[in-house]
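Q: Chains A and B, in that order, give the protein sequences. Residue numbering for the first sequence follows the working numbering, beginning at 134 and increasing consecutively. Residue numbering for the second sequence follows the working numbering, beginning at 47 and increasing consecutively. Note that CB positions come from ideal geometry on N, CA and C, so glycine has one too. First, the structure itself, so that you have it in front of you.
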Amino acid sequence: AQKITQTQPGMFVQEKEAVTLDCTYDTSDQSYGLFWYKQPSSGEMIFLIYQGSYDEQNATEGRYSLNFQKARKSANLVISASQLGDSAMYFCAMREGHRTGRRALTFGSGTRLQVQP
Amino acid sequence: EAGVAQSPRYKIIEKRQSVAFWCNPISGHATLYWYQQILGQGPKLLIQFQNNGVVDDSQLPKDRFSAERLKGVDSTLKIQPAKLEDSAVYLCASSSTGWPETQYFGPGTRLLVL
Numbered sequence: 134a135q136k137i138t139q140t141q142p143g144m145f146v147q148e149k150e151a152v153t154l155d156c157t158y159d160t161s162d163q164s165y166g167l168f169w170y171k172q173p174s175s176g177e178m179i180f181l182i183y184q185g186s187y188d189e190q191n192a193t194e195g196r197y198s199l200n201f202q203k204a205r206k207s208a209n210l211v212i213s214a215s216q217l218g219d220s221a222m223y224f225c226a227m228r229e230g231h232r233t234g235r236r237a238l239t240f241g242s243g244t245r246l247q248v249q250p
Numbered sequence: 047e048a049g050v051a052q053s054p055r056y057k058i059i060e061k062r063q064s065v066a067f068w069c070n071p072i073s074g075h076a077t078l079y080w081y082q083q084i085l086g087q088g089p090k091l092l093i094q095f096q097n098n099g100v101v102d103d104s105q106l107p108k109d110r111f112s113a114e115r116l117k118g119v120d121s122t123l124k125i126q127p128a129k130l131e132d133s134a135v136y137l138c139a140s141s142s143t144g145w146p147e148t149q150y151f152g153p154g155t156r157l158l159v160l
């Protein structure tokens, strides 16, 4: 079974509107972290936001917020007031707690967001 | 603060040739990662270093891929001999040891094997 599922291959949003990118995850660990990255056409992965499994409040970073529903194992990214520069691939990733020190991120397949003027 | 540096940015080689990629992590970051991103997919970990020791290389194709981080700072990833399916973007990332150990990525090296 896939550990990270992003069901939206592509999304369109009008400039200045809000958009939600879906992410569901699968883990049996109690301690884990969820990350969202943005990848523009230039290729670099840009860190956006982090949510820990024990965090009681949803994470927010500027126009980015994370709708974390632990019981449903979902961690959706919400981008408010979309801008043309938000057009990019967005990846959800999970890091499970490893006592061995392993810190590998498991990525989903990504969602391509296009912001229309 | 300077980000993760990688070179070269692009590389085109023939199959069965060898190629090497270089990465310099963010200053002070003890953990360094190499990921492979095939077109249309998310990145997959190849190897994780903590200082100059290997923590996780379970998904590294060791018959053709090798990596080192001799002085615990910069790192090289080598492919020898390259196959067509090695065409991908190779991303280097680094993180500090402080929670939540967010990984910061470099610009990547795009490899095309002909």
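Can you tell me whether B/L130 is helix, strand or coil according to DSSP?
A: Position 84 of the second sequence, counting from 1, holds the residue named residue 130 of chain B. Here B/L130 sits in helix by DSSP.
Q: Counting only beta-carbon atoms, is A/Y197 nearer than 7 Å to chain B?
A: One-based indexing of the first sequence puts residue 197 of chain A at position 64. For A/Y197, the answer is no, since every Cβ of chain B falls outside 7 Å of its Cβ.
Q: Measuring only the C-alpha atoms, how far is A/G243 from A/Y223?
A: Taking the first sequence and counting its residues from 1, one reaches residue 243 of chain A at position 110. Taking the first sequence and counting its residues from 1, one reaches residue 223 of chain A at position 90. In a straight line, the C-alpha of A/G243 is about 5 Å away from that of A/Y223.
Q: Quick one: is A/Y187 near chain B, going by C-beta distance under 7 Å?
A: For the purposes of this step, residue 187 of chain A is taken as residue 54 along the first sequence, with counting starting at 1. Output row for A/Y187: interface = no.
Q: Does DSSP put B/D102 in a helix, in a strand, or in coil?
A: On the second sequence, residue 102 of chain B is found 56 positions in, with the first residue counted as 1. Correct three-state label for B/D102: strand.
Q: For the candidate residues A/D159, A/L217 and A/S164, whose alpha-carbon lies nearest to that of A/C225?
A: Here residue 225 of chain A corresponds to residue number 92 of the first sequence, with the count starting at 1. The shortest Cα separation from A/C225 among A/D159, A/L217 and A/S164 belongs to A/D159.
Q: Could you tell me whether any Cβ in chain A is nearer than 7 Å to the Cβ of B/F151?
A: Against the second sequence, residue 151 of chain B aligns to sequence position 105. Yes, contact with chain A.
Q: Determine contact between the region 198-211 of chain A and the region 169-189 of chain A, defined as no fewer than three beta-carbon pairs at a distance below 8 Å.
A: Flag = yes, the region 198-211 of chain A and the region 169-189 of chain A touch.
Q: Please look up how many angstroms separate the CB atoms of A/W169 and A/L210, rounded, as I've assumed it's under 8 Å.
A: Here the question's residue 169 of chain A lines up with position 36 in the first sequence. Here the question's residue 210 of chain A lines up with position 77 in the first sequence. So it is a contact: roughly 5 Å between Cβ atoms.
Q: Suppose you measure from the CA of A/K136 to the CA of B/D120; what does that come to, to the nearest Å?
A: On the first sequence, position 3 is the one that residue 136 of chain A refers to. On the second sequence, position 74 is the one that residue 120 of chain B refers to. Using only the alpha carbons, I get a separation of about 31 Å.
Q: If you pair each beta-carbon of the region 140-154 of chain A with each one of the region 228-237 of chain A, do three or more pairs fall below 8 Å?
A: No, the region 140-154 of chain A does not touch the region 228-237 of chain A.
Q: If we count Cβ pairs, one from each stretch, closer than 8 Å, do we get three or more for the region 79-94 of chain B versus the region 119-134 of chain B?
A: As far as the Cβ criterion goes, the region 79-94 of chain B touches the region 119-134 of chain B, which means the pair count is three or higher.
Q: Only counting the same chain, and skipping five residues up and downstream in sequence, which positions put a Cβ closer than 8 Å to that of B/S64?
A: Taking the second sequence and counting its residues from 1, the one referred to as residue 64 of chain B is at position 18. For B/S64, where only same-chain residues beyond five positions count, the Cβ hits under 8 Å are K124, I125, Q126, P127 and A128.
Q: Starting from the C-beta of B/G74, find all residues in its chain whose C-beta is less than 8 Å away, skip the five residues before and the five after it, and write them out in chain order.
A: Locating residue 74 of chain B in the second sequence gives position 28, where the first residue counts as 1. The answer, listed in chain order, is S142.
Q: Nearest chain B C-beta to A/E177 closer than 7 Å, yes or no?
A: As a position in the first sequence, residue 177 of chain A is number 44, starting the count at 1. Yes, because at least one Cβ of chain B sits closer than 7 Å to the Cβ of A/E177.
Q: According to DSSP, B/S141 sits in a beta bridge with which residue or residues?
A: Reading the second sequence from its first residue, position 95 is the one you call residue 141 of chain B. Answer by DSSP bridge pairing, in chain order: B/T77.
Q: If we ignore side chains and look at the alpha-carbon of each, how far apart do B/S104 and B/I93 end up?
A: Here residue 104 of chain B refers to the residue found at position 58 of the second sequence. Here residue 93 of chain B refers to the residue found at position 47 of the second sequence. If I take the Cα positions, the gap works out to 7 Å.
Q: If we ignore side chains and look at the alpha-carbon of each, how far apart do B/E114 and B/Q96 end up?
A: Your numbering for residue 114 of chain B matches position 68 in the second sequence. Your numbering for residue 96 of chain B matches position 50 in the second sequence. Rounded to whole angstroms, B/E114 to B/Q96 spans 11 Å at the Cα level.
Q: For a cutoff of 7 Å on Cβ pairs, would you count A/S220 as touching chain B?
A: Position 87 of the first sequence holds residue 220 of chain A. Not an interface residue.
Q: Between the C-alpha atoms of B/E60 and A/Q190, what's the straight-line distance to the nearest angstrom?
A: For this step, residue 60 of chain B is matched to residue 14 along the second sequence. For this step, residue 190 of chain A is matched to residue 57 along the first sequence. Taking the straight line joining both Cα atoms gives about 51 Å.
Q: Output the distance between the C-alpha atoms of B/S140 and A/I182, rounded to the nearest integer angstrom.
A: On the second sequence, position 94 is the one that residue 140 of chain B refers to. On the first sequence, position 49 is the one that residue 182 of chain A refers to. Taking the straight line from one Cα to the other gives about 16 Å.
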